[in-house]
Each structure stands twice: as structure tokens, then as C-alpha cells.
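Engineer: Please see the structure below; I have some questions.
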Amino acid sequence: MKNKVYLFCLFFLGNISGLIGQEHIILDNIGEKVNSELRELAPIVSPDGKSLYYMIYGHGENKGKADIWVSSLEDKDGNWSSKKRLPFPFNQIAYNQVMSVTPDGNTLMVRGIVENGEVFPKGYSLIKKTKDGWNAPKKMEIAHYDEMNHGVMYSSCLSNNGKILILSFREEKLSNDLYVSFLEENGTWSKPQSLGVDINTFSIEFSPFLASDNRTLYFTSDRKGGKGGYDIYVSKKKGDDWTNWTEPQNVGQPVNTEGNEMYYSLSASGEYAFIASTQNRANDYDIFKVKIKEEQKPDPVVIVYGKVLNGKTGESLEASIHFETFPDGKEAGIAQTDPKTGEYKIVLPYGKDYGFNAKASNFIAISDHLDLSKTADYQEIRRDLKLLPLEIGTTVRLNNIFFETGNSALKEASFSELKKVVKLLEENPKMKIEISGHTDNVGSEESNLKLSEERSEAVTSYLKSQNIVSDRIVNKGYGETKPLSDNNTEEGKQQNRRVDFTILEN
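All residue numbers for the sequence shown refer to the numbering used here, where the first residue is 1162 and numbers rise by one.
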């Protein structure tokens, strides 16, 4: 008898220790302010996690059969505000749906196309915020999409950087597959290409969601081995090949049930997901929130946010935000400020060194720089960006110019910044500028003056090599004589080591 009790205790303790190590995951109905006896479907959470868009079928205020509604995050406890139906120009077709929202919240991708009063349910449009509200939906021109799409069920997802489009539609087989399309320089989208056999099967694949890391993909499928009718799956892209993926994994319980689960959406933090689920009830969809299992989370990213300001007056400005990778200068994405407040948000994956700046008519950008080449945890970083008036006397610091330590050799990462100066001079043919080199106070005054002159000359030489005539450029070295900050700190010294340019004539 004692042996039996002893064995039972070992079995019990062993199971308890196993349970202690497991993560306790709960699927949480987000409440009656969002959910009702009607069908709530297709949740899309904004990258900052503060807005939730979704479809409601059969609501008395709807203009279509299903319209877009929105709720806002009310507090840190995860409570959501009462639902509000989106006004015109949204909700113009029978089945209205938000497919994606940009990190700044200023652009929504929606289902359907409205042109000259005519409605086309296939395809997608972008609706952008203006000072007076929202502009009319603008069709997304996707090469060969109409001739490739032979189905009636279709969905899509736009990446946070606005350059990658994941599509679900039926082309040749009897069920939907997933495809990728890329933004072209002229603003149109490339011909969709299949994500390949790693993702697509003879079953249905739809409601794709590409996480903020641009490599973790969540989607819905009714493939064999699922928990119920439609289940959520996750896969990660291997390298740069969009047909090379890890084997899709069923996200498991409690998300997937014997019923239907679809439209998995998560914010940039990667902590929680929102899904539409019947939770074993026939076609009675509600929206649920669930903590994402560690092994199913996307790679961490950074949200960079702030305001675009007039560097002379301090007033907020409407502008576009352009970010690129170093040292190749490749464009990583474009965002828009809020037209009224000048606020912006962008999402940057780790693994790259980034430069970014704001652009607006009759202003010159002061570039910023953020090195995210080493992976860390999710974080949010504030960086206000300044624009300076395009006028005589304006001095602009070239933040993204880099030299080899202790000499005047320009690093490759500098060329993207210098090309912006070339473009400015080309667009303003009467402009003359002074290129000024500056140092901190480390070393002798004589050596610092010499180094500042050599660095100024290096920048001038590059501009001349790009066909900017020499009489439009004056180069000077000031050594340590014009500090911007105190040289007693490393941060101050870094501020003082710089190259800038001043507009002399225009």
C-alpha cells in the first residue's frame, strides 16, 4: 500500500511540475461594447494596438450587408470603447472590410473599388486621412489581378512599410492560395506570385496577416489535421525568398476549436492577437483576444514615433516620412504625418541600420539615424523630426554622413545623404552653399582644423563628382571653434563632430 501511495505521489508531482512550466493561455471575448448577437468578423488591430476595425453583419445602421466599425482602446486593462460605424467615404459596397491599417493610422486599405459611382467588389483601395476627413478610395493597381482571380472569396494584407501585399484568391485550383505582390516605383503593384508549396495546398488558404517583422505569416486554412472547420496557422519566411517558408504550424488550443477561427491580427508588440471565432457555435462569430505563445510570436520590432516640426518656429508640419537602410540607401518605406497634428509612427524591424527624414514642400530635411542592427526586445522610441525653411541663411546638419575614424575618408553609408544634397542643388539651380566641417576638442587645435577642412573638402569633392559646378560650393573647416554642445561629455563631443551646409544664395 505504501508503495502505491509513493508511486501516486511521484506521478502527481511530476504532472504538477510539468503544468507549472506551461504558459496559461486564455481566449478572451473582448466584451459587449464590441460583440453582440450579430456576427462580428475580420478584426484588424492597428500596429500601435489602440484601434480595432471589424465587420458587423446585419446591423440596423449599416448601409451594406456588412459594414466597417471601429473601437478604441480605453485603458491599460484592455477595455474597448463602444463601437462606431465608419462614415463616408467608407462603407460604399455590400461587404465592407478593412484589410490593413498603416502604423501612422492615416491610411486604411479596404475591400472593393468605387470609380465614377460604379462599384467593383473585387480588388482593393486605399483611403487616406486629410485635414478635412478622409479622401475618396483610390484603387490599388495590381498587375494581372483581375485575370488571375477567378473566385468570389478573397482577402489580403498590406505590410507595415506599405511595400508588400499578401493576397488570397483562387487562380487555377478550386480553392484559394496565398500570393505576394510588391510596390513598384510608379505606385502600381507587381504581378502576384504564389508563396509556393510550403504554404499553399489543395485546401483553402485565406485571411493572411503579415506581422510587423515582414517574415512571420499567419493565415486561415481548412487543411487536413486541423482542430475544426477553419483553423489559424503560422509560418516564417526563410531568408529573402518568398517561396521558402517553414512548415506551417497549427496555433493550437485555445485559439482553434471544433468550430471556425479566422482573421488573426496582431499589433507591432507581438504580445496579443485578435481573431474572429465561433468557439464551437455555428456561424455565430465574435471577436476574441489571446496572448500569443512564445514560439508563435513574430520577431521583435521598434515603433518610432514623434512629430514633424518647423525647426525655425516649432510649429507642427504635414509631411511624408521616408526611411531607408544603410549602407545601401534602399528605401524601407514611407509614412504620412497626421495632417492636423504632424504626428507620425513607423515600424522598423531589427537587423538593419536606418536613416529617416521628413519631406515637405519648401523645406529642407534634417535626417535622423537609428542603428537597429542588433536584435533586442520590442520598444517604442520617440524621435521628433525637424524641417528647415528653404531660405538664405538656413544651416542644415548632415547627420547621416560618416567618416573613417580620425580621417576624411567617406564611408559608403554617407552617399545616400549626399545624394539628397545633390538633388536639392539640382532642383534649385541658383542655390549656392557653404560646406562646413567641425570637430570636438580632442587633440590639438591645429590637427582639428586640418581634419575639419579635409572632411569639408571630401564632401565638396563628392558633390563636384555628381556634376555640381564648383562655383556653387564653398568649403570651410572650422575645427573646434564652433561647438554646438559642451565638450565635457561624450554626447556633447558627438554633437560637435559634424558636417553641415548653409544656404548662401538662392
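For glycine and all other residues, C-beta sits at the position ideal for the given N, C-alpha and C.
(1) Could you give the DSSP three-state label for M1301: helix, strand or coil?
(2) Looking only at DSSP bridge pairs, what is T1556 linked to?
(3) I want to know whether the stretch 1522-1532 touches the stretch 1383-1400 - three or more CB-CB distances under 8 Å.
(4) Considering only their Cβ atoms, is the gap separating L1234 from M1216 smaller than 8 Å?
(5) Using DSSP with H/G/I as helix, E/B as strand and the rest coil, what is E1333?
(6) Just the C-alpha distance for K1452 and D1460, rounded to the nearest angstrom, thanks.
(7) What is the DSSP secondary structure of T1650, counted as helix, strand or coil?
(8) Under a three-way DSSP split, which group does Q1354 fall into?
(9) How about the stretch 1498-1505 and the stretch 1464-1481: do they share at least three Cβ pairs that are nearer than 8 Å?
(10) Report the three-state DSSP secondary structure of T1381 (helix, strand or coil).
(11) In the structure shown, what three-state DSSP assignment does V1582 receive?
(12) May I ask you to list the residues that DSSP assigns as paired with M1423?
(13) So what's E1408 in DSSP terms, helix, strand or just coil?
(14) Given that a residue counts as buried once 16 or more other Cβ atoms are within 10 Å of its Cβ, and exposed if not, what is M1314?
(15) Checking the sheet assignment: what are the DSSP bridge partners for A1519?
(16) Count Cβ pairs between the stretch 1216-1233 and the stretch 1284-1294 that sit closer than 8 Å; are there 3 or more?
(17) Return the residue from the list N1257, P1264, G1266 that minimises the CA-CA distance to I1274.
(18) For L1247, name the three-state secondary structure that DSSP assigns.
(19) Taking the runs of the beta strand (DSSP E) that are 3 residues or longer, which of them lie wholly in the stretch 1467-1513?
(20) How about F1487 and G1516: are their beta carbons less than 8 Å apart?
(21) Can you tell me whether DSSP reads Q1183 as helix, strand or coil?
(22) Please report how far the alpha carbon of E1302 lies from the alpha carbon of E1276, in whole angstroms.
(23) Do S1617 and G1640 come within 8 Å of each other at the CB atom, strictly closer than that value?
(24) Return the first residue and the last residue of the alpha helix (DSSP H) that L1145 is part of.
(25) Let me know the secondary structure DSSP gives Y1340 once reduced to three states.
(26) Just the Cα atoms here: how many angstroms apart are K1237 and G1467?
(27) Identify the continuous beta strand (DSSP E) that holds M1270 and give its terminal residues.
(28) What residue from D1532, D1538, L1546, I1542 has the CA that sits closest to A1521's CA?
(29) In this structure, does DSSP put Q1655 in helix, strand or coil?
(30) Quick check on this structure: which residue in E1456, L1339, T1642 has the alpha carbon closest to the alpha carbon of V1358?
(31) Going by C-alpha distance, which of F1367, F1251, T1600 is nearest F1564?
(32) Under the rule that 16 or more other beta-carbon atoms within 10 Å means buried, what is E1578, buried or exposed?
(33) Exposed or buried, which one is F1484 when buried takes at least 16 other CB atoms within 10 Å?
(34) Would you report the Cα separation of V1412 and T1502, rounded to the nearest angstrom?
(35) Which term fits R1543, buried or exposed, when burial requires 16 or more other beta carbons within 10 angstroms of its beta carbon?
(36) May I have the straight-line CA-CA distance separating A1619 from T1566, to the nearest angstrom?
Structural biologist: Taking the geometry as given:
(1) Within the sequence shown, residue 1301 is the residue found at index 140, counting from 1. Residue state, collapsed to three classes: coil.
(2) Here residue 1556 refers to the residue found at position 395 of the sequence shown. In the DSSP output, where bridge partners are listed per residue, T1556 has T1663.
(3) no
(4) As a position in the sequence shown, residue 1216 is number 55, starting the count at 1. As a position in the sequence shown, residue 1234 is number 73, starting the count at 1. No.
(5) Start at 1 with the first residue of the sequence shown, and residue 1333 comes out as number 172. Correct three-state label for E1333: coil.
(6) Here residue 1452 refers to the residue found at position 291 of the sequence shown. Here residue 1460 refers to the residue found at position 299 of the sequence shown. Whole-angstrom Cα-Cα distance: 15 Å.
(7) On the sequence shown, position 489 is the one that residue 1650 refers to. Coil, per DSSP.
(8) As a working note, residue 1354 is residue 193 in the sequence shown. In the structure shown, Q1354 sits in a strand (DSSP, three-state: E or B).
(9) yes
(10) The count along the sequence shown starts at 1 and reaches residue 1381 at position 220. DSSP, reduced to helix, strand and coil, places T1381 within a strand of the structure shown.
(11) Start at 1 with the first residue of the sequence shown, and residue 1582 comes out as number 421. Here V1582 sits in helix by DSSP.
(12) Taking the sequence shown and counting its residues from 1, one reaches residue 1423 at position 262. According to DSSP, M1423 bridges with A1437.
(13) Here residue 1408 refers to the residue found at position 247 when the sequence shown is read from its first residue. Reduced to three states, the DSSP call for E1408 is coil.
(14) Here residue 1314 refers to the residue found at position 153 when the sequence shown is read from its first residue. So M1314 counts as exposed.
(15) As a first step, residue 1519 is located in the sequence shown; it is residue number 358 there, counting from the start. According to DSSP, which records beta bridges pairwise, A1519 is partnered with I1482.
(16) no
(17) Translated into positions along the sequence shown, residue 1274 becomes position 113. Checking every option, the nearest Cα to that of I1274 belongs to N1257.
(18) Indexing the sequence shown from 1 puts residue 1247 at position 86. It is coil, neither helix nor strand.
(19) 1481-1487, 1491-1497, 1504-1510
(20) Numbered from 1 along the sequence shown, position 326 holds the residue referred to as residue 1487. Numbered from 1 along the sequence shown, position 355 holds the residue referred to as residue 1516. In contact: F1487 and G1516 (Cβ atoms closer than 8 Å).
(21) Sequence index remark: in the sequence shown, residue 1183 carries index 22 (1-based). Unreliable placement is indicated for Q1183, whose pLDDT of 48 sits below 50; no coordinate value is reported for it.
(22) For this step, residue 1302 is matched to residue 141 along the sequence shown. For this step, residue 1276 is matched to residue 115 along the sequence shown. Distance between the alpha carbons of E1302 and E1276: 13 Å.
(23) Your numbering for residue 1640 matches position 479 in the sequence shown. Your numbering for residue 1617 matches position 456 in the sequence shown. No, these two residues do not count as a Cβ contact at 8 Å.
(24) Residue 1145 cannot be examined here, being either before or after the span of the chain that is shown, 1162 to 1667.
(25) Position 179 of the sequence shown holds residue 1340. Correct three-state label for Y1340: strand.
(26) Taking the sequence shown and counting its residues from 1, the one referred to as residue 1237 is at position 76. Taking the sequence shown and counting its residues from 1, the one referred to as residue 1467 is at position 306. Computed Cα separation, rounded: 21 Å.
(27) Looking up residue 1270 in the sequence shown gives position 109. Unbroken beta strand (DSSP E) run through M1270: 1268-1276.
(28) The residue you call residue 1521 lines up with position 360 of the sequence shown. Closest by alpha carbon: L1546.
(29) Within the sequence shown, the letter at position 494 stands for residue 1655. Reduced to three states, the DSSP call for Q1655 is helix.
(30) Your numbering for residue 1358 matches position 197 in the sequence shown. Answer by Cα proximity: L1339.
(31) Within the sequence shown, numbered from 1, the residue matching residue 1564 stands at position 403. For F1564, the nearest C-alpha among the options comes from T1600.
(32) Within the sequence shown, numbered from 1, the residue matching residue 1578 stands at position 417. The residue in question, E1578, is buried, as its Cβ has 16 or more Cβ neighbours within 10 Å.
(33) Start at 1 with the first residue of the sequence shown, and residue 1484 comes out as number 323. Under a 10 Å Cβ-count criterion, F1484 is classified as buried, with 16 or more other Cβ atoms of the shown protein chains found around its own Cβ.
(34) Within the sequence shown, numbered from 1, the residue matching residue 1412 stands at position 251. Within the sequence shown, numbered from 1, the residue matching residue 1502 stands at position 341. Near 40 Å, if we compare the C-alpha coordinates of T1502 and V1412.
(35) Translated into positions along the sequence shown, residue 1543 becomes position 382. R1543 is exposed by the Cβ-count criterion.
(36) The residue you call residue 1619 lines up with position 458 of the sequence shown. The residue you call residue 1566 lines up with position 405 of the sequence shown. Cα-Cα distance, rounded: 14 Å.
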